[in-house]
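Residue numbering for the sequence shown follows my numbering, beginning at 1121 and increasing consecutively. C-beta: ideal position from N, C-alpha, C; glycine also. Every value quoted in this text rests on a predicted model; they were computed, and no experiment measured them. To start, the structure under review is shown below, and the notes come after it.
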Amino acid sequence: MPFSLKNAGATYQRAMQKIFDDMLHKNIECYVDDLVVKSKIRQDHLQDLRKIFERLRRYQLKMNPLKCAFGVTSGKFLGFIVCHRGIEIEQAKIDAILKMPEPQNIHELKSLQGKLAYL
């Protein structure tokens, strides 16, 4: 589906939610074209991956092998680090905030608040 179409992102997200409805928020998280397969036990992970691949095959969806990472304990998802501790902010983002100059007026303070709200 060409993502340049007006509602392509929302349509694709809705399709992915329908395809993975019974798995979402249990062993898979999906946001547009990003998928995270999560398992508490390593042995379960292979079984979970198999189910995901079967579902992808059934709906004729393909994955880019260059963008895949398997069996990792942490990874980047939507600009955040997801690991066994939960969701964390990348160190580079923290460093960028620490290096920002102190706001000198109300406009700069509001700008800083907007940047921090993004996190």
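What is the DSSP secondary structure of D1215, reduced to helix, strand or coil?
helix
List the endpoints of the continuous alpha helix (DSSP H) containing I1161.
Premise fails: I1161 is in no alpha helix (DSSP H) and is neither H nor E.
Look at the alpha carbon of E1222 and the alpha carbon of D1164, and state the distance between them as a whole number of angstroms.
48 angstroms
Going by the CB atoms, is the gap between L1198 and L1154 shorter than 9 angstroms?
Residue 1154 is actually Asp in this sequence, not Leu. The answer is yes: Cβ separation under 9 angstroms.
Using 8 angstroms as the threshold, is the region 1176-1195 in touch with the region 1222-1238, meaning 3 or more CB pairs across them?
no
Exposed or buried, which one is F1173 when buried takes at least 16 other CB atoms within 10 Å?
exposed
Rounded to whole angstroms, what's the CA-CA distance from A1128 to Y1151? Just pull it up for me.
13 angstroms
Name the DSSP bridge partner or partners of V1244?
For residue 1244 there is no data in the structure shown, the boundaries of the chain being 1121 and 1239.
Terminal residues of the continuous alpha helix (DSSP H) containing K1138?
A1128 to I1139
What does the Cβ neighbour count give for F1140, buried or exposed, with the cut at 16 atoms within 10 Å?
buried
To the nearest angstrom, how far is the alpha carbon of G1315 from that of V1202?
An answer regarding residue 1315 cannot be provided, because it is not within the stretch 1121 to 1239 covered by the chain.
Pick helix, strand or coil for G1234, following the three-state DSSP scheme.
helix
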